[in-house]
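Right, one structure below, let's go through it.
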């Protein structure tokens, strides 16, 4: 009996540590997703009516999973403290949902990379064509905003004459290439974060099930 209680105490401590880490990781995932959506270079693509939806879909899933992670981390601690099989079962189910969401975000990021790049490049090409037909006004500000964010100018290194480009650019870069580089880097980050959190979630599911079984065995012995 003492051995069982000692084992349960050890598992509870591990579950507490996991949930604290999980809660902090959830906050980090939310902050990371919101930064990519509103604070990073990709925010410039989202400000346009036409945006790479495939990329942002993965971001929204990631932020939603992060919000769920913070909530689940709190209730996981409560379930471990009260030794409630019901709460631990609900905790396991929530972790399963988070696992599926994070894997989905990772898959969207890795598999959807080519589609997201093509969509973003098409958005820029449409804005570029609109500017060449009728320079000035709103389209002037829009294309300049893209050039400033990506530190590029035009679709070719030799065609920047007449385009609204940042003054600090000494060697103008191809915007289509820069779009590919930016999205490629950001999608890799989204994919890595999603898969990493999914891997951590597996440990939480294992701990919760082991503790749940230990509680059941202890009550059966009593």
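In the working numbering, the protein residues as written are 27 to 248.
In this text, a Cβ means the ideal position worked out from N, Cα and C, and glycines have one as well.
Query raised in the report: Between residue 161 and residue 180, which are expected to be in contact by the criterion C-beta below 8 Å, what is the C-beta distance as a whole number of angstroms?
Result: Not quite, the Cβ-Cβ distance comes to about 13 Å (not below 8 Å), so this is no contact.
Report task. Have a look at 43, 120, 132 and flag the residue whose alpha-carbon is nearest the alpha-carbon of residue 87. Result -> Looking at 43, 120, 132, the one whose alpha-carbon comes closest to that of residue 87 is 132.
Requested in this report: Within the same chain, show all residues whose beta-carbon is closer than 7 Å to that of residue 154, passing over the 5 residues directly before and after it, in chain order.
Outcome: Close CB contacts of residue 154 within its chain, under the 7 Å cut and outside five residues either way in sequence, are with 169, 181 (chain order).
Query raised in the report: What is the DSSP secondary structure of residue 28, reduced to helix, strand or coil?
Result: Residue confidence for residue 28 is low, a pLDDT of 47 falling below 50, so the modelled location carries little weight and cannot support an answer.
Report task. Quick one: give me the first and last residue of the alpha helix (DSSP H) that residue 140 is part of. Result -> Element bounds for residue 140: 139–159.
Requested in this report: Helix, strand or coil for residue 210, going by three-state DSSP, please let me know.
Outcome: In the structure shown, residue 210 sits in a helix (DSSP, three-state: H, G or I).
Query raised in the report: To which residues of the same chain is residue 127 closer than 7 Å at the C-beta, ignoring the five residues directly before and after it?
Result: 87, 90, 91
Query raised in the report: By Cβ distance below 7 Å, which residues in the same chain neighbour residue 38 in space, the five residues on each side in sequence not counted?
Result: 106, 237
**Report entry** Which listed residue (103, 97, 212) has its alpha carbon closest to that of residue 114
**Finding:** 103
Query raised in the report: What do you get for residue 85, buried or exposed, if any count of 16 or more other CB atoms within 10 angstroms of its CB means buried?
Result: Residue burial is scored here from C-beta neighbours: residue 85 has at least 16 other C-beta atoms within 10 angstroms and is therefore classed as buried.
Query raised in the report: Going by the beta-carbon positions, is the gap between residue 42 and residue 230 smaller than 8 Å?
Result: no
Query - Nearest neighbour of residue 226, chosen from 135, 134, 121 [CA to CA] - result: 121
**Report entry** C-alpha gap between residue 224 and residue 150, whole angstroms
**Finding:** 34 Å
Query raised in the report: Do you know whose CA, among 63, 112, 44, lies nearest residue 239's CA?
Result: Out of 63, 112, 44, the CA that lies nearest to the CA of residue 239 is found in 112.
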